[in-house]
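Colleague: Got a structure here, written out as structure tokens. Questions coming.
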Amino acid sequence: MAAPLALLLIVAVTIRAALFRTSLANLISERVEVVSPLNAWKRVVEGLALLDLDISPYSGDVFHETPMVIYLFHFLMDYAEITFMLADCLTAVALYLAVKDYNKQVFRKQKFALEADRIPMDCLELIRSPTEMYYIPLKVAMFYLLNPFTIVSCVAKCTCGCLIYGSALLSAIFLALATYQSIYPLTLCVPALLYLLQRLYIPVNVRRSSFWFYTLQYLFMFLGSLLVLICLSFFLLGSWDFLPAVYGFILSVPDLTPNIGLFWYFFAEMFDHFRLFFLCVFQINVFFYTLPLSIKLKEHPVFLIFMQIALIAIFKSYPTVGDLSLYMAFLPVWNHLYRFLRNIFLVSCVLLACSALFPVLWHLWIYAGSANSNFYYAITLLFSVAQILLVSDYFYAFLRREHHLTNGLYLKKKDGSEATLVLK
Amino acid sequence: MGLLSDPNRRRALIGMLTRLNAPICMICYMAGVAWFMGLAFEPFTLRTYMSENAMGSTMVEERFPAGERALATGREFAAHKKKTGGMPVDWLVRTMQARGLEVYTQRFSRKLPFPDEDKERYMVKGTNVYGILRAPRAPRTEALVLSAPCSPGNENNQAVGILLGLAQYFRSQIYWAKDIIFLVNEHDLIGMQAWLEGYHHTNTTGMDWSPLQGRGGSIQAALSLELSSDVVTSLDLVLEGLNGQLPNLDLANLFYAFCQKIGVLCTTQGKLPRNDWDTTSGYSHAVQTMMLMVLKQASSRPWGDHGLFLRYHIEAASIKGVNSFRPYKTDATTVGRLLEGMYRKLNNLLERLHQSYFFYLMPSLTRFVSIGYYMPAFGLLALILLLRALDLWVQLSSPPTRTTEDGVEVVPASPGVLSILTPLVISHLTGVALYTLPVLSQELAVEHFPVSETEAVVLTAIAIYTGGTRSHDTHRLLAGEGTEQGWKVLKLVAVLYLAVLLGCTALINFSLGFILALTLVPLAAFITPHVPKTLSAVVMVILSPGLTLLFAVFFFQELQETPVTLQEGWMLYLSVISQGILDHALYGSLLYPLAALLVYPCWLLFWNILFWK
Numbered sequence: 001m002a003a004p005l006a007l008l009l010i011v012a013v014t015i016r017a018a019l020f021r022t023s024l025a026n027l028i029s030e031r032v033e034v035v036s037p038l039n040a041w042k043r044v045v046e047g048l049a050l051l052d053l054d055i056s057p058y059s060g061d062v063f064h065e066t067p068m069v070i071y072l073f074h075f076l077m078d079y080a081e082i083t084f085m086l087a088d089c090l091t092a093v094a095l096y097l098a099v100k101d102y103n104k105q106v107f108r109k110q111k112f113a114l115e116a117d118r119i120p121m122d123c124l125e126l127i128r129s130p131t132e133m134y135y136i137p138l139k140v141a142m143f144y145l146l147n148p149f150t151i152v153s154c155v156a157k158c159t160c161g162c163l164i165y166g167s168a169l170l171s172a173i174f175l176a177l178a179t180y181q182s183i184y185p186l187t188l189c190v191p192a193l194l195y196l197l198q199r200l201y202i203p204v205n206v207r208r209s210s211f212w213f214y215t216l217q218y219l220f221m222f223l224g225s226l227l228v229l230i231c232l233s234f235f236l237l238g239s240w241d242f243l244p245a246v247y248g249f250i251l252s253v254p255d256l257t258p259n260i261g262l263f264w265y266f267f268a269e270m271f272d273h274f275r276l277f278f279l280c281v282f283q284i285n286v287f288f289y290t291l292p293l294s295i296k297l298k299e300h301p302v303f304l305i306f307m308q309i310a311l312i313a314i315f316k317s318y319p320t321v322g323d324l325s326l327y328m329a330f331l332p333v334w335n336h337l338y339r340f341l342r343n344i345f346l347v348s349c350v351l352l353a354c355s356a357l358f359p360v361l362w363h364l365w366i367y368a369g370s371a372n373s374n375f376y377y378a379i380t381l382l383f384s385v386a387q388i389l390l391v392s393d394y395f396y397a398f399l400r401r402e403h404h405l406t407n408g409l410y411l412k413k414k415d416g417s418e419a420t421l422v423l424k
Numbered sequence: 001m002g003l004l005s006d007p008n009r010r011r012a013l014i015g016m017l018t019r020l021n022a023p024i025c026m027i028c029y030m031a032g033v034a035w036f037m038g039l040a041f042e043p044f045t046l047r048t049y050m051s052e053n054a055m056g057s058t059m060v061e062e063r064f065p066a067g068e069r070a071l072a073t074g075r076e077f078a079a080h081k082k083k084t085g086g087m088p089v090d091w092l093v094r095t096m097q098a099r100g101l102e103v104y105t106q107r108f109s110r111k112l113p114f115p116d117e118d119k120e121r122y123m124v125k126g127t128n129v130y131g132i133l134r135a136p137r138a139p140r141t142e143a144l145v146l147s148a149p150c151s152p153g154n155e156n157n158q159a160v161g162i163l164l165g166l167a168q169y170f171r172s173q174i175y176w177a178k179d180i181i182f183l184v185n186e187h188d189l190i191g192m193q194a195w196l197e198g199y200h201h202t203n204t205t206g207m208d209w210s211p212l213q214g215r216g217g218s219i220q221a222a223l224s225l226e227l228s229s230d231v232v233t234s235l236d237l238v239l240e241g242l243n244g245q246l247p248n249l250d251l252a253n254l255f256y257a258f259c260q261k262i263g264v265l266c267t268t269q270g271k272l273p274r275n276d277w278d279t280t281s282g283y284s285h286a287v288q289t290m291m292l293m294v295l296k297q298a299s300s301r302p303w304g305d306h307g308l309f310l311r312y313h314i315e316a317a318s319i320k321g322v323n324s325f326r327p328y329k330t331d332a333t334t335v336g337r338l339l340e341g342m343y344r345k346l347n348n349l350l351e352r353l354h355q356s357y358f359f360y361l362m363p364s365l366t367r368f369v370s371i372g373y374y375m376p377a378f379g380l381l382a383l384i385l386l387l388r389a390l391d392l393w394v395q396l397s398s399p400p401t402r403t404t405e406d407g408v409e410v411v412p413a414s415p416g417v418l419s420i421l422t423p424l425v426i427s428h429l430t431g432v433a434l435y436t437l438p439v440l441s442q443e444l445a446v447e448h449f450p451v452s453e454t455e456a457v458v459l460t461a462i463a464i465y466t467g468g469t470r471s472h473d474t475h476r477l478l479a480g481e482g483t484e485q486g487w488k489v490l491k492l493v494a495v496l497y498l499a500v501l502l503g504c505t506a507l508i509n510f511s512l513g514f515i516l517a518l519t520l521v522p523l524a525a526f527i528t529p530h531v532p533k534t535l536s537a538v539v540m541v542i543l544s545p546g547l548t549l550l551f552a553v554f555f556f557q558e559l560q561e562t563p564v565t566l567q568e569g570w571m572l573y574l575s576v577i578s579q580g581i582l583d584h585a586l587y588g589s590l591l592y593p594l595a596a597l598l599v600y601p602c603w604l605l606f607w608n609i610l611f612w613k
């Protein structure tokens with residue numbers, strides 16, 4: 001499996017390197033779909049220039065990256081392209097390893113269930129075979145690396161964070177890093193915890209002390225590393241400037257540059273005295289679903305992670321297509337759900353059409369001046385609706401498969417006729 | 001959401017859509033065409049009205065007195081033009097300076113990718129002369145432009161005369177709040193392109209020009225005047241600009257309002273507005289006017305010198321004087337007064353024209369159809385593609401399982417990626433060849449064949465276009481025999497591709513999108529490998545983008561009431577192709593790359609499906 005992965009990495013790096021050399025790179029790094037005020041390379045360069053002049057990079061209203069990133073790029077400025085390619089590759093390899101690990105677990109669990117005869121006989125076609133699972137990690141890496149969205153964001157030098165997890169401490173540190181980069185990965189804390197609990201065979205039970213002990217231990221590690229990171233930033237920079245400039249900027253959404261998210265148009269139109277209220281309403285969307293989803297999916301933390309990443313990508317304040325590509329990379333993991341998906345045709349048509357319409361309507365609005373922001377926002381809305389449909393469709397399919405695994409594939413009504421499942 | 005989650009109702013709906021797919025598609029197509037034809041019917045259209053507050057209610061008085069003197073200046077200009085054999089730069093500079101303007105010149109040169117045989121030019125060198133009248137009333141942050149081309153021969157002398165006359169008259173008025181720039185541009189659009197690029201410090205087409213020495217504020221609106229006779233019977237308004245862009249409708253409303261006020265006959269597409277909409281001839285008149293506009297817009301080229309302003313977010317239109325055999329004539333003073341009135345109203349603008357529509361069609365100068373009314377016509381056609389795609393998707397996701405003698409169900413193998421990718425890649429490579437080779441290989445062609453460069457370019461393009469149809473079984477190149485599933489997947493891809501392509505095109509340039517949809521959609525809907533080959537091949541060729549252009553040329557001539565014979569039509573067709581390539585190289589018109597790189601490959605995909613084995 002190493003050889004195809006290496007080949008894939010080489011192809012991905014070649015495409016990126018080739019694109020960096022063309023004039024397309026400039027064009028892409030200007031696109032609002034790809035870069036957000038949070039992660040635009042132009043702004044990083046600006047911040048670096050300020051830093052070189054011994055001025056706090058946060059003194060203007062341009063730079064909103066975290067202090068660690070600016071110091072990282074301070075040393076890697078000349079190797080920026082390589083850094084981005086390397087980051088993409090590392091993320092892909094991490095995804096590859098994580099999914100491989102996950103597959104092993106799924107398979108083990110399935111074997112136990114089979115041996116214990118817990119799966120109804122007619123569900124055998126729902127069982128996943130090792131041969132079809134063999135290629136999934138590779139497919140995930142491929143989906144991530146060759147996704148046009150990932151490629152354009154790499155070329156645009158977006159500084160999106162990446163997430164990996166292995167051992168408890170490592171996972172806590174990486175999660176803290178991701179949270180430190182942008183607040184939203186905070187919600188991933190729950191699935192990561194669930195995943196680790198599952199690996200250690202600790203049942204999720206509020207009355208068991210081992211559960212609480214482990215949870216507290218994990219939270220302590222997470223918060224501790226977050227604190228260390230923030231303090232480190234403070235010592236690097238010598239001021240707390242970065243807190244309002246980074247986290248205040250993410251939470252209060254002062255920059256209303258159009259992007260593929262839902263915030264900009266809404267807050268541009270809003271009266272100021274409603275702003276705080278709706279800000280809370282909008283921001284709560286990201287965190288709101290964590291609890292019900294964790295309760296529902298407590299047995300399946302990896303699926304929960306997928307759902308959370310997708311929800312973050314949809315509801316965060318400055319989303320880019322890079323966020324999209326991260327959760328889309330997980331889609332091959334769930335390709336056994338394919339037979340239960342209902343709206344996949346509709347959703348993929350809409351996503352395809354929207355991706356083409358974004359640049360067209362942007363052109364009509366900004367360059368031709370004949371359309372206006374409503375046109376662009378309509379597409380943004382449609383895009384978000386399609387993403388939500390996609391995620392909820394996968395959620396439904398997942399639950400339905402679980403339902404079938406316990407109740408049998410061919411359900412009968414009480415009178416013996418064939419039953420249909422209705423989601424209401 | 002019941003429809004999305006309730007499996008029974010979904011099944012019923014999808015069952016109905018797949019069972020009745022063909023009839024629904026037929027109905028959609030006919031409804032789309034009927035809707036489009038209905039757009040010219042007066043009760044379905046809106047009357048034009050002035051939306052811009054700053055231009056609506058305020059009254060201005062037109063007092064321009066000096067039409068005769070302007071014509072005399074025009075004659076003087078003509079004499080100097082004849083003497084210098086081109087733009088009389090020194091004379092123009094002197095004359096403008098004498099009228100109290102700040103005068104500057106701009107030199108430019110451009111080598112065309114191949115000789116333009118229509119206008120007989122290859123290495124273009126010229127000079128633009130412009131004078132700025134500084135606004136006495138306000139900070140000079142905004143400007144208006146009045147331009148007249150310096151055309152070869154005896155054309156447009158009167159336009160330059162009136163321009164200079166107006167400059168003299170405007171100079172003595174004190175109410176100007178915007179700079180007014182009087183521009184005489186040489187080599188029509190090439191000069192205009194050089195001037196606009198110089199004014200905005202951009203260089204999009206790789207032209208050489210000297211930087212502008214003087215500049216006014218940001219340009220709010222521009223009018224381009226074309227006038228070749230001392231008296232006119234009517235004035236024609238030209239709106240269609242580069243890539244089908246149109247100026248704000250208020251500019252047309254302004255022109256119409258002043259024509260009404262001063263009593264000048266005004267037309268658009270050379271057609272007078274008529275009142276007898278309830279008669280057949282009245283309706284067909286409106287249809288003709290609208291179709292002319294649709295064809296001109298679809299051509300994506302600027303139809304007057306104003307066409308390039310629109311790219312810079314400047315509302316602009318051309319006004320052409322027409323002198324026909326009608327007895328009632330309008331003199332130069334009246335034309336001058338009309339322009340004076342329009343400029344005074346534009347001078348009142350507080351912000352850019354934006355209140356009225358940017359997306360519209362005009363079945364007459366007094367009537368318009370906005371985007372909300374015409375988009376359904378396109379939407380109905382695009383719906384066919386989506387229905388066909390849905391049908392294919394349903395067929396693909398529930399493959400007909402054949403039962404062999406043993407009772408074992410055989411599921412047809414899913415098609416290899418190669419059999420889909422190969423046609424996609426090869427057809428796009430053909431498109432790239434069609435886009436690049438004609439201009440690149442002109443020298444080679446001229447060496448080996450007895451043709452001129454222009455003919456070489458056009459004939460190479462046609463040769464590649466027809467040659468591309470040879471690549472009809474590309475899927476077998478790498479993947480061996482095609483399967484039943486294979487063509488369905490390819491067709492699904494092609495149909496969705498076409499839908500997205502046409503949708504985007506129609507948003508930018510409705511007319512182009514609609515004309516392409518009119519021909520490509522039926523073809524995309526009915527093509528399968530199982531229809532009779534020869535007949536369908538003939539139909540496909542007839543509906544291909546290249547022949548659509550040929551029909552459009554004949555149709556356009558027919559509508560303009562200058563019908564051509566087959567021979568002339570063919571020559572015209574060749575020159576239209578060369579003009580299209582030139583427009584792309586000179587001004588950045590997008591029709592040629594769109595057709596070569598996207599539409600033609602898409603058509604080739606369907607061609608591949610027809611010959612699927």
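So the protein lines, in turn, are chains A and B.
Residue numbers in the first sequence follow the UniProt record's numbering, run continuously in steps of one, and reach 424 at the last position.
Residue numbers in the second sequence follow the UniProt record's numbering, run continuously in steps of one, and reach 613 at the last position.
Here a beta-carbon is modelled for each residue, glycine too, at the ideal position from N, C-alpha and C.
These numbers were taken from a predicted model, which means no experiment stands behind them.
Considering S151 of chain B, what are the terminal residues of the alpha helix (DSSP H) in which it resides?
Modeller: That residue, S151 of chain B, is in no alpha helix (DSSP H); it is neither H nor E in DSSP.
Colleague: Taking the alpha helix (DSSP H) that L380 of chain B falls in, what are its first and last residues?
Modeller: Per DSSP, L380 of chain B belongs to the alpha helix (DSSP H) from 371–397.
Colleague: With DSSP run on the structure shown, which of helix, strand or coil describes R140 of chain B?
Modeller: Coil, per DSSP.
Colleague: Show which residues of chain B have a CB atom less than 8 Å away from the CB atom of G408 of chain A.
Modeller: Those within 8 Å of G408 of chain A in chain B number zero; the least Cβ separation is about 18 Å.
Colleague: Expressed to the nearest angstrom, what Euclidean distance is found between the alpha-carbon atoms of L343 of chain A and D393 of chain A?
Modeller: The sequence given here has Asn at residue 343 of chain A, not Leu. Their backbone Cα atoms lie some 7 Å apart in a straight line.
Colleague: Could you pull the start and end residues of the alpha helix (DSSP H) that R107 of chain B belongs to?
Modeller: Premise fails: R107 of chain B lies in the beta strand (DSSP E), 102–116, not in any alpha helix (DSSP H).
Colleague: Could you give the DSSP three-state label for T73 of chain B: helix, strand or coil?
Modeller: The answer is helix: DSSP assigns T73 of chain B an H, G or I state.
Colleague: Using a Cβ-Cβ cutoff of 7 Å, what residues of the region 495–513 of chain B are near chain A? List them in chain order.
Modeller: Those would be L496, V500, G503, C504, L507, I508, in chain order.
Colleague: So which residues of chain B does L357 of chain A contact, with C-beta pairs closer than 9 Å?
Modeller: Per Cβ cutoff of 9 Å: V500, G503, C504, L507.
Colleague: Taking 9 Å as the threshold (beta carbon to beta carbon), is A12 of chain B in contact with chain A?
Modeller: Answer no: the Cβ-Cβ gap between A12 of chain B and chain A never drops below 9 Å.
Colleague: Rounded to whole angstroms, what's the CA-CA distance from W195 of chain B to L212 of chain B? Just pull it up for me.
Modeller: Using only the alpha carbons, I get a separation of about 8 Å.
Colleague: Nearest to R400 of chain A by alpha carbon, out of A:L357, A:L382, A:F340, A:I260?
Modeller: The residue with the shortest Cα to Cα distance from R400 of chain A is A:F340.
Colleague: So, with DSSP's three-state summary, where would you put residue 620 of chain B?
Modeller: What is shown of chain B runs 1 to 613, which leaves residue 620 of chain B out entirely.
Colleague: Cα-Cα, which of A:L188, A:V321, A:T215, A:T187 is closest to L197 of chain A?
Modeller: Considering only alpha carbons, the answer is A:T215.
Colleague: Is there a Cβ of chain C sitting closer than 9 Å to that of F368 of chain B, yes or no?
Modeller: Among the chains of the structure shown, chain C does not appear; the protein chains present are A and B.
Colleague: Checking contacts by CB at 9 Å: is F249 of chain A closer than that to chain B?
Modeller: No, F249 of chain A lies away from the interface with chain B (no Cβ there is under 9 Å from its Cβ).
Colleague: Could you give the DSSP three-state label for T320 of chain A: helix, strand or coil?
Modeller: Coil at T320 of chain A, not helix or strand.
Colleague: Between P7 of chain B and chain A, is the shortest Cβ-Cβ distance under 9 Å, so that the two count as touching?
Modeller: Taking Cβ atoms only, chain A reaches closer than 9 Å to P7 of chain B, which makes this a yes.
Colleague: Please list, in chain order, the chain A residues whose beta carbon lies closer than 8 Å to that of W303 of chain B.
Modeller: Here the premise fails: no neighbours, minimum Cβ distance about 17 Å.
Colleague: On the DSSP bridge list, what partners appear for W209 of chain B?
Modeller: Its beta-bridge partners are B:F108.
Colleague: Between which two residues does the alpha helix (DSSP H) holding V439 of chain B run?
Modeller: 417–440 is the extent of the alpha helix (DSSP H) around V439 of chain B.
Colleague: Measure from the C-beta of A377 of chain B to each C-beta in chain A and report whether the shortest distance is under 9 Å.
Modeller: False, the Cβ-Cβ gap to chain A never drops below 9 Å.
Colleague: Less than 9 Å separating the beta-carbons of D323 of chain A and I305 of chain A?
Modeller: No, the pair does not count as a contact, with Cβ atoms beyond the cut-off.
Colleague: Quick check: I319 of chain B and A461 of chain B, are their CB atoms within less than 9 Å of each other?
Modeller: The answer is no: Cβ separation not under 9 Å.
Colleague: Can you confirm whether V302 of chain A, when its beta carbon is compared against all beta carbons of chain B, has any partner nearer than 9 Å?
Modeller: Not one chain B Cβ lies under 9 Å of V302 of chain A.
Colleague: According to DSSP, simplified to helix, strand and coil, what is Y289 of chain A?
Modeller: Three-state result, Y289 of chain A: coil.
Colleague: Using only CA atoms, which one of B:P43, B:C28, B:L518, B:C150 lies nearest to T279 of chain B?
Modeller: Measuring from the Cα of T279 of chain B, the nearest candidate turns out to be B:P43.
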